[in-house]
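One point on numbering: in my numbering, the residue at position 367 of the sequence shown is 526, and numbering is uninterrupted. C-beta atoms are modelled at their ideal positions from N, C-alpha and C, and glycine is treated no differently. Step one of this worksheet: look at the structure below.
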Amino acid sequence: MTVGTTLPTAASAALFDRARAVTPGGVNSPVRAFNAVGGTPRFIRSARGAWLTDADGNEYVDLICSWGPMLLGHAHPEVQAAVSAAVARGTSYGAPTEPEVELAEEIVARAPVERVRFVSSGTEATMSAIRLARGFTGRDVVVKFAGCYHGHVDSLLASAGSGLATFAVPGTPGVPASSTALTLVLPYNDRAAVEKAFAEHGDRIACVITEAAPGNMGVVPPEVGFNKFLLETCARHGALFVSDEVMTGFRASRQGQWGLDGAVEGWRPDLMTFGKVMGGGFPAAAFGGRADVMTRLAPEGPVYQAGTLSGNPIATTAGLATLRLATDEVYTHIGAAADTIKTATSDALSRAGVPHVVQGAGTMFSVFFAAGPVRDFADASRTDGAAYAAFFHAMLDQGVYLPPSAYEAWFLSSAHDDRAVQTVLDALPAAARAAAAAAQT
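What follows is the structure, encoded as structure tokens:
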């Protein structure tokens, strides 16, 4: 895909060439390579507030926010001060510290969990939660949903078979069939598929894991009552319900996606996973849940899990500072700014005649370049990739940094002020026209 740009990119291009010589694809996470949209990936030199500055000196309003963690914006002075003080005391001890206790207390106070164990990535959190669910139930089968991403755990990198309750096959080379042979992949938001899976395999199912509100196929919110239905179905069959809030936790709302459904409907997951916001921009994640389940973990119980950098004092300090600053006013501000951008984006695309639907979960949202609604991965797959790529680059050229993939969520922060929001609004008409032109070719 050949993509032109009006902005200088020589420094980013040179860094990309150097990176490709020493790193597969030139990046350390695939979406950063711009393969889905074409062009030169921007190498970021610095960030402050709602703005990114790349290696060529170009400035962009950031609508990725490090894929969610930067709830308060980049380089927040109070978070930086807390981190600087922590670094001055040392960076890693391999022993318990007070910040990890305080962060665990903060998470337990906000989320419907009784115990929390820290890890260093969302992948570790989901992997550990599944191991714990299997150890607690004595069962092996895991149910997941197509389009939900739970990190690069072998058993969860699976694609669906042809039936509603067919065991999965590996979704990527390098994952042996034996790793996914105990994973069932179902269509999202499909209660009949869940009921069929439990009717056929209920006494073998250890857990159902789902993104609390999927954001990795674009934002596809659960239909009303769907997560409660999953919990109740698991309970009837002796399985555990694992709600993955690595993306939505403390981002969709003060209490994550659970604050939008479970807190209202009166239910709690058996296990939850967290990441992103709770690390304040540092590599940190966690899993937690019912006390009777969590006490099966070593050293209290027989299910083993460990990590040298788990509960790292710098990461837990950053996460604690972020959560303490994440007040109701922060979420109100982000929600209002997101609503303004959602409405303006839809209006611009409608005026340009581009089929689309905007969907959200709390403060996070995405734009599908396809007629809606989008309720599962099959629907999401109808999005017009060429139209999105044209839209993406038109926005980028006007100083707005969107996700370089049509299947990702858009994120804002409390630092997105009137100037940042207006920059996005001013860029939308030309970007919508570019999308319309690409869609017509």
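Check	Outcome
According to the Cβ coordinates, are G400 and A288 closer than 8 Å?	Position check: residue 400 holds Phe in this sequence, whereas Gly was assumed. Cβ distance not < 8 Å, so F400 and A288 don't count as in contact.
May I have a chain-ordered list of the alpha helix (DSSP H) segments no shorter than 4 residues that lie completely inside the segment 459-541?	472-484, 487-511 and 536-539
Give the straight-line distance between the Cα atoms of F536 and Y252, rounded to the nearest whole angstrom.	43 Å
If I follow the unbroken alpha helix (DSSP H) through R179, where does it start and stop?	A169 to V181
DSSP three-state call for A332: helix, strand or coil?	Before going on, a small fix: residue 332 reads as Pro here, not Ala. Coil.
Among F295, A214 and R201, which has the Cα closest to the Cα of P461?	F295
Check the C-beta distance from V580 over to I473 and give it rounded, since I have them as a contact under 8 Å.	Wrong, their Cβ atoms sit about 32 Å apart, outside the cutoff.
For the alpha helix (DSSP H) that I266 lies in, which residues bound it at each end?	E257 to R269
Buried or exposed: where does G322 fall if 16 or more other Cβ atoms within 10 Å of its Cβ makes it buried?	A caution first: G322 carries a pLDDT of 40, below 50, which makes its placement in the model too unreliable to give a value.
Is the beta carbon of V559 closer than 8 Å to that of A586?	yes
Evaluate the contact criterion for the segment 566-573 versus the segment 214-226: three or more CB pairs, one atom per stretch, below 8 Å.	yes
Helix, strand or coil: which one does DSSP assign to F570?	coil
Bridge partners of K303, per DSSP?	V344
Quick one: what does DSSP say A591 is sitting in, helix, strand or coil?	helix
Helix or strand or just coil, what does DSSP make of T134?	Outside the displayed range of the chain (160 to 600) lies residue 134, so it cannot be described from this structure.
Would you kindly check if the distance between the Cβ of A292 and the Cβ of W417 is under 8 Å?	no
Flag this pair as touching only if the segment 381-398 and the segment 349-369 have three or more C-beta atom pairs under 8 Å; answer yes or no.	yes
Helix or strand or just coil, what does DSSP make of M160?	With a pLDDT of only 40 at M160, under 50, the local geometry of the prediction cannot be trusted, and the value read off the model is given with reservation. Looking at M160 - three-state DSSP - the assignment turns out to be coil, as it is neither helix nor strand.
For the beta strand (DSSP E) containing G447, name the first residue and the last one.	A444 to G448
From the DSSP secondary-structure annotation, give me the bridge partner or partners of H233.	G208
Applying the criterion that 16 or more other CB atoms from any shown protein chain within 10 Å of the CB defines a buried residue, is L201 buried or exposed?	The residue asked about is misnamed: residue 201 is Arg in this sequence, not Leu. By the 10 Å Cβ count, R201 comes out buried.
So the candidates are S469, N348, F193 and V300; which of them puts its Cα closest to the Cα of D538?	N348
Are the Cβ atoms of M437 and G408 separated by less than 8 Å?	yes
Using 8 Å as the threshold, is the C-beta distance between M406 and G439 below it?	no
Classify V583 as helix, strand or coil using the three-state DSSP reduction.	helix
Does F570 come within less than 8 Å of chain B when only Cβ atoms are used?	Here there is only one protein chain, and chain B is not present.
Less than 8 Å between the C-beta atoms of L468 and R276, yes or no?	no
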